[in-house]
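Numbering (the UniProt record's numbering), first residue to last: 1 to 275.
For glycine and all other residues, C-beta sits at the position ideal for the given N, C-alpha and C.
Contents: one structure, followed by commentary.
What follows is the structure, encoded as structure tokens:
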């Protein structure tokens, strides 16, 4: 059986990068000042950053139903079946829309909820690929992948409170005091949601603490994907901080609009799963 693997663009790859890894992308929508653009198709990551730096309101929305349908139809002309893996259903309606569209194709399209985003989505997709290669039956794929989901974590460090404040996620007083004292939150992506894990004073201290949390949560080692929004230097700092036996960095990618729209340029992140 020939299987195609699909992900939405919250995975943090360009369409070209994704296809090089055997993955086909469905673009999320990036909303700039109320106008919608298909991620990577009609707007590039650097344009999203420039819009944010220019003070424009940026948010994201799930892919269009017709984009799922068009991609599924195209792929099923070549492949026997499709595994479609998406951003957490607790963060977006992407999974529910994908499942609604998938029903039109019967059992040939299977939609999986990653309960994560970006690198976490990647780990779920690769687990699905691995399980099928091992001979897991098609109808048992979701159950076979499920044990991995609670073992995936993301650690996200914004460079400033500005964009969390602009998006209404922290109040004016929190923004003022936090900025004055250089306090930043470490946000954790876990169990399908995003919650503050800790607060740190200063960005470099935040990078150090993110590395410490990774080593604490994965004492036996971890597979790691590093991500950033226009901050490759922070990624290299993180790479050095997490370097120890058992930690394998599997790649570096953009945070993508789904993360950076809320936390802003300068954000860095680690997504991890067990070895």
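- First and last residue of the alpha helix (DSSP H) that includes residue 236? In this chain, the alpha helix (DSSP H) harbouring residue 236 covers 232–241.
- By how many angstroms is the C-alpha of residue 196 removed from the C-alpha of residue 258? If you draw a straight line from the Cα of residue 258 to the Cα of residue 196, it comes to about 17 Å.
- Query: Taking the C-alpha atoms as reference points, what is the distance between residue 280 and residue 40?
  - Reply: This structure gives no information on residue 280, because the portion of the chain shown stretches from 1 to 275.
- What whole-angstrom Cβ distance do residue 155 and residue 210 have, given they're in contact under 8 Å? 5 Å
- Message: Can you look up residue 131 in the DSSP assignment and give me helix, strand or coil?
- Response: helix
- Message: Let's test the definition: count the other Cβ atoms within 10 Å of the Cβ of residue 227 and tell me whether it reaches 16, buried, or not, exposed.
- Response: buried
- Task: Count the other CB atoms, across all protein chains shown, that sit within 10 Å of the CB of residue 273; report buried if there are 16 or more and exposed otherwise.
- Result: buried
- Message: Please tell me whether residue 90 and residue 192 are closer than 8 Å, where the distance is taken between their beta carbons.
- Response: yes
- Proximal residues to residue 198 (C-beta, below 8 Å), its chain only, five neighbours per side dropped: Cβ-Cβ distances below 8 Å link residue 198 to 185, 186, 209, 213 in the same chain, with the five nearest sequence neighbours on each side left out; the list follows chain order.
- Identify which residue in 262, 21, 204 has its Cα closest to the Cα of residue 237. For the residues 262, 21, 204, the minimum Cα distance to residue 237 belongs to 204.
- Message: Given this structure, state the Cα-to-Cα distance separating residue 123 from residue 14, to the nearest angstrom.
- Response: 17 Å
- Query: DSSP state of residue 10, grouped into three classes?
  - Reply: helix
- Task: Give the straight-line distance between the Cα atoms of residue 241 and residue 16, rounded to the nearest whole angstrom.
- Result: One C-alpha to the other measures close to 30 Å.
- Could you say which of 217, 183, 114 lies nearest to residue 202 if we only look at CA atoms? 183
- Item | Opening and closing residue of the beta strand (DSSP E) in which residue 193 lies | Annotation for residue 193: the continuous beta strand (DSSP E) segment containing it runs 193–201.
- Task: Could you spell out the range, first to last residue, of the beta strand (DSSP E) harbouring residue 64?
- Result: No beta strand (DSSP E) holds residue 64; DSSP gives it neither H nor E.
- Task: Mark residue 80 as exposed unless 16 or more other C-beta atoms lie within 10 angstroms of its C-beta, in which case mark it buried.
- Result: exposed
- Item | Opening and closing residue of the beta strand (DSSP E) in which residue 50 lies | Run containing residue 50: none in the beta strand (DSSP E); it sits in the alpha helix (DSSP H), 45–53.
- Message: Would residue 77 and residue 157 qualify as a contact pair, given that the criterion is a beta-carbon distance under 8 Å?
- Response: no
- In the DSSP assignment, what residue or residues form a beta bridge with residue 86? Bridge partners of residue 86: 113.
- Message: Judging by CA-CA distance, which residue of 85, 221, 55, 103 is the nearest neighbour of residue 149?
- Response: 85
- Where does residue 161 sit, in a helix, a strand or coil, going by DSSP? coil
- Item | Nearest-angstrom Cα separation, counted from residue 53 out to residue 63 | 25 Å
- Is there at least one non-hydrogen atom of the ligand ZN closer than 7 Å to the beta-carbon of residue 3? Inclusion of the ligand ZN in the displayed structure is not the case, the ligand content being empty and no account of it being possible.
- Item | Pick from 161, 138, 116 that is closest to residue 278, judged by C-alpha positions | No answer is possible for residue 278: the residues shown for the chain start at 1 and end at 275.
- For the region 247–274, list the alpha helix (DSSP H) runs that are entirely contained and at least 4 residues long, ordered along the chain. Runs found: 257–263.
- Task: Can you grab the Cα-Cα spacing for the pair residue 29 / residue 260, in whole Å?
- Result: If you take the alpha carbons of residue 29 and residue 260, they lie about 13 Å apart.
- Message: Helix, strand or coil, according to DSSP, for residue 91 in the structure here?
- Response: coil
- Query: Between the C-alpha atoms of residue 9 and residue 27, what's the straight-line distance to the nearest angstrom?
  - Reply: Going by the C-alpha atoms only, they are around 5 Å apart.
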